[in-house]
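Enquirer: This is the structure I have questions about; it appears just below.
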Amino acid sequence: MSTDYHPMWQELGLDLDAHDALLGVLGPLYEKTFLTQPNRPQGMDYFNFVMSEVHGLRVKELLDHKEKGGFVTGTFCTFVPEELVLAAGGICVGLCAGAEWSTPEVDALLPRTTCALIKGAFGFASARVCPYLAASDLVVGENTCDGKKKAWESFHRFVKELHVMDMPQVKNSTGHALLREQYGILLKKLEDVGGRKVTPEALEGAISTVNAKRRALARLTVLRQANPAPISGLDALLVQQVSFYDDPVRFTASVEALCDELEERVRQGKGVHEGRRPRLLMSGCPMAVPNWKLPHIVEQAGAIIVGEESCIGTRGLRNEVRQGSGGLDAQLEALTERYFAIDCAIFSPNPERQEHVVDMSATQQADGVIHFSLPFCTPYQSEALRMEPALEAGGLPVLRIDTDYSPEDAGQLSTRVEAFLERLEA
Ligand code: BJ8
Numbered sequence: 008m009s010t011d012y013h014p015m016w017q018e019l020g021l022d023l024d025a026h027d028a029l030l031g032v033l034g035p036l037y038e039k040t041f042l043t044q045p046n047r048p049q050g051m052d053y054f055n056f057v058m059s060e061v062h063g064l065r066v067k068e069l070l071d072h073k074e075k076g077g078f079v080t081g082t083f084c085t086f087v088p089e090e091l092v093l094a095a096g097g098i099c100v101g102l103c104a105g106a107e108w109s110t111p112e113v114d115a116l117l118p119r120t121t122c123a124l125i126k127g128a129f130g131f132a133s134a135r136v137c138p139y140l141a142a143s144d145l146v147v148g149e150n151t152c153d154g155k156k157k158a159w160e161s162f163h164r165f166v167k168e169l170h171v172m173d174m175p176q177v178k179n180s181t182g183h184a185l186l187r188e189q190y191g192i193l194l195k196k197l198e199d200v201g202g203r204k205v206t207p208e209a210l211e212g213a214i215s216t217v218n219a220k221r222r223a224l225a226r227l228t229v230l231r232q233a234n235p236a237p238i239s240g241l242d243a244l245l246v247q248q249v250s251f252y253d254d255p256v257r258f259t260a261s262v263e264a265l266c267d268e269l270e271e272r273v274r275q276g277k278g279v280h281e282g283r284r285p286r287l288l289m290s291g292c293p294m295a296v297p298n299w300k301l302p303h304i305v306e307q308a309g310a311i312i313v314g315e316e317s318c319i320g321t322r323g324l325r326n327e328v329r330q331g332s333g334g335l336d337a338q339l340e341a342l343t344e345r346y347f348a349i350d351c352a353i354f355s356p357n358p359e360r361q362e363h364v365v366d367m368s369a370t371q372q373a374d375g376v377i378h379f380s381l382p383f384c385t386p387y388q389s390e391a392l393r394m395e396p397a398l399e400a401g402g403l404p405v406l407r408i409d410t411d412y413s414p415e416d417a418g419q420l421s422t423r424v425e426a427f428l429e430r431l432e433a
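According to the working numbering, the sequence shown is numbered sequentially starting from 8.
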């Protein structure tokens, strides 16, 4: 970071020593994971810069926005429509949940059998090391899995204001109506926090902005279908992770520039690596920053990841919102249609997700699938148990991995991944 941001972090109420310790770990981890990769596209320079300033310049931008009368909304789930936040004059940011941070307070609030994502969110909040949470005027939670549902009951102590959306669990007309109703309630909450009414024009503009972002990310996914792949899976994951923090317009332009470069690589038949590598699809729980452990191990072992069926991947970022639908009611309906199509494992039954994995494996030319679940995540662990034999029966090899954020099992994971790659080669 080029500037000393300690005064800003102090004003936000962060624990400066703990926060310095966090940055002291994240910087070297980022360098080791990303900067040592060969033949990275030049377009990744922008994302390196964003990551180097993720607790600095970007946080300052949020505070500047608040200074000018705007507000910040923190989220943990792709069911929260960024479009509504933008239309109400806010900035939407994903909150830190991709690393372990244990405190006695968290241990007293959460059962031991809670997934690392929820524990991470609580740990960062309790330890006061997340500037995004500290800058958030509103945090939106959602009743998705049981772990999150019960967690919100105690999370309010860490935030200025918590709004919890009730979530459908079944894909039928009742579920659709519930989500539509919840988006109407969220819109009113955002209007209260932002102090202004959302107009159809503002919402249309926000829909267009977020659609453009999704289109750019979809273009990136399509470019990864090329064989050889023009970008590593780690870098593509990073781009998708950054989409939850960065200014959407600037982000979209940067992804388009990256894609122009990748398109040229593809046109010339150049890949990020020389020679053929096993191509893998990652599927499962979201991988929030800085959860890069498994993709790093997979690509270190000699494979290339060509797609992510995840909320930080195509599950969360595909499908655009219908534009030009008319007034606010019709726009809320268009938003509901788009978000209700997300095939998160909290839905029961959820056959679309397995179909999505099969389709994506074919379009991305994947040789196999690595299914990743966080321990104690019942929705994704349950689906993995059924998905593995079904995909294998269809001729698609699957490696099912349950792992949290701890580096302790890295050696064991490497061994399993290497054995899987040998099986693919054979
Ligand atoms: S739309 S995947 S972001 S809910 S890992 S907390 S499910 S026990 S994150 Fe998710 Fe929204 Fe669905 Fe996506 Fe629970 Fe599982 Fe933990 Fe999870």
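The beta-carbon is built from N, C-alpha and C at its ideal position, and this holds for glycine as well.
None of these values were measured; they are calculated from a predicted model.
(1) Kindly examine the ligand BJ8 and report whether one of its heavy atoms sits closer than 7 Å to the Cβ of Leu124.
(2) Measure the CB-CB distance between Glu198 and Ala95 and report whether it falls below 8 Å.
(3) List the DSSP bridge partners of Gly101.
(4) Given this structure, state the Cα-to-Cα distance separating Arg322 from Leu244, to the nearest angstrom.
(5) Which residues bound the beta strand (DSSP E) around Ile312?
(6) Which value, in whole angstroms, describes the spacing of the CA atoms of Ala233 and Lys220?
(7) From Ile312 to Ala397, what distance separates their C-alpha atoms?
(8) On the CB-based measure, 16 or more other CB atoms within 10 Å of its CB, does Leu91 come out buried or exposed?
(9) Taking a contact to mean a Cβ-Cβ separation below 8 Å, would you say Leu241 touches Ile377 in this structure?
(10) Please confirm whether any heavy atom of the ligand BJ8 lies closer than 7 Å to the CB of Phe162.
(11) Would Trp159 and Val171 qualify as a contact pair, given that the criterion is a beta-carbon distance under 8 Å?
(12) So if DSSP puts Glu149 in a beta bridge, which residue, or which two residues, is it bridged to?
(13) Under the DSSP definition of a beta bridge, which residues are partnered with Val405?
(14) Output the residue ranges of the alpha helix (DSSP H) runs that lie fully inside the stretch 208-263 and measure 4 residues or longer, sorted by chain position.
(15) Spell out a yes or no on whether the stretch 420-428 and the stretch 315-331 are touching, meaning 3 or more CB-CB pairs, one atom from each, closer than 8 Å.
(16) What does a CB cutoff of less than 8 Å around Arg329 pick up in its chain, not counting 5 residues either side in sequence?
(17) Between Cys84 and the ligand BJ8, is the CB less than 7 Å from at least one heavy atom?
(18) Gly418 lies in the alpha helix (DSSP H); which residues open and close that run?
(19) Any idea if Met174 is buried or exposed, counting beta-carbon neighbours within 10 angstroms, 16 or more meaning buried?
(20) Tell me, please, whether the CB atom of Leu420 is closer than 8 Å to any CB atom in chain D?
(21) Would you check if the distance between the CB atom of Glu107 and the CB atom of Ser133 is smaller than 8 Å?
(22) For Gly148, which of Pro138, Val136, Lys167 has the nearest alpha-carbon?
(23) Spatial neighbours of Thr216 within its chain, please: CB distance less than 7 Å, with the 5 preceding and 5 following residues excluded, ordered by chain position.
(24) Whose CA, out of Leu265, Ser250, Phe131, Ser413, lies closest to the CA of Arg231?
(25) Starting from Gly31, trace the alpha helix (DSSP H) in both directions and tell me its first and last residue.
(26) Report buried or exposed for His62, applying the criterion of at least 16 other Cβ atoms within 10 angstroms of its Cβ.
(27) Tell me Gly291's beta-bridge partners as DSSP assigns them.
(28) In the DSSP assignment, what residue or residues form a beta bridge with Arg286?
(29) To the nearest angstrom, how far is the alpha carbon of Ala141 from that of Thr80?
(30) Less than 8 Å separating the beta-carbons of Leu381 and Asp411?
(31) Which residues mark the beginning and the end of the alpha helix (DSSP H) in which Pro394 is found?
(32) Do you know offhand how far Gly314's Cα is from Thr370's?
(33) Is it true that the CB of Phe86 sits closer than 8 Å to the CB of Leu509?
(34) Suppose you measure from the CA of Ile125 to the CA of Ile353; what does that come to, to the nearest Å?
(35) Indicate, with yes or no, if the ligand BJ8 has a heavy atom lying under 7 Å from the CB of Pro118.
(36) Is the stretch 33-41 in contact with the stretch 289-306, if contact means three or more CB pairs nearer than 8 Å?
Expert: The relevant details are as follows:
(1) Yes - the ligand BJ8 has a heavy atom lying nearer than 7 Å to the Cβ of Leu124.
(2) The answer is yes: Cβ separation under 8 Å.
(3) In the DSSP output, where bridge partners are listed per residue, Gly101 has Thr82.
(4) Each residue's Cα considered, the two are about 13 Å apart.
(5) Secondary structure note for Ile312: its beta strand (DSSP E) is the uninterrupted segment 311-316.
(6) Taking C-alpha positions only, Ala233 is separated from Lys220 by approximately 21 Å.
(7) Each residue's alpha carbon lies about 21 Å from the other.
(8) The residue in question, Leu91, is buried, as its Cβ has 16 or more Cβ neighbours within 10 Å.
(9) Contact: no.
(10) Taking 7 Å as the cut-off, one finds no heavy atom of the ligand BJ8 near enough to the beta carbon of Phe162.
(11) In terms of Cβ geometry, Trp159 and Val171 form a close pair [threshold 8 Å].
(12) Under DSSP, Glu149 shares a beta bridge with Met172.
(13) Partner(s): Val376.
(14) As far as the stretch 208-263 is concerned, its whole alpha helix (DSSP H) runs of at least 4 residues are 240-249.
(15) The stretch 315-331 and the stretch 420-428 do not touch, with fewer than three beta-carbon pairs separated by less than 8 Å.
(16) Here the set comprises Ala341, Glu344, Arg345.
(17) Cys84 Cβ: within cutoff of the ligand BJ8.
(18) 417-432 is the span of the alpha helix (DSSP H), which, as asked, contains Gly418.
(19) Residue environment analysis places Met174 among the buried positions, since at least 16 neighbouring C-beta atoms fall within 10 angstroms of its C-beta.
(20) Checking the listed chains, one finds no chain D in this structure; it contains a single protein chain.
(21) Not in contact: Glu107 and Ser133 (Cβ atoms no closer than 8 Å).
(22) Cα-wise, what sits closest to Gly148 is Lys167.
(23) When the five nearest sequence neighbours on each side are left out, the beta carbons in the same chain lying within less than 7 Å of the beta carbon of Thr216 are those of Leu93, Pro255, Val256, in order along the chain.
(24) Of the listed residues, the one whose Cα sits closest to Arg231 is Leu265.
(25) Element bounds for Gly31: 23-37.
(26) By the neighbour-count criterion, in which a residue is buried when 16 or more other Cβ atoms sit within 10 angstroms of its Cβ, His62 is buried.
(27) Beta-bridge pairing by DSSP links Gly291 to Phe379.
(28) Under DSSP, Arg286 shares a beta bridge with Ile311.
(29) In a straight line, the C-alpha of Ala141 is about 11 Å away from that of Thr80.
(30) Cβ distance < 8 Å, so Leu381 and Asp411 count as in contact.
(31) A quick correction: the sequence has Met, not Pro, at residue 394. It spans 385-400 - the alpha helix (DSSP H) in which Met394 sits, taken as one unbroken run.
(32) Looking at the backbone, the Cα of Gly314 and that of Thr370 are separated by about 10 Å.
(33) This structure cannot settle anything about residue 509, because the visible part of the chain is limited to 8 through 433.
(34) About 15 Å.
(35) Because no heavy atom of the ligand BJ8 lies under 7 Å away, the Cβ of Pro118 does not count as near it: no.
(36) They touch, by the three-pair rule.
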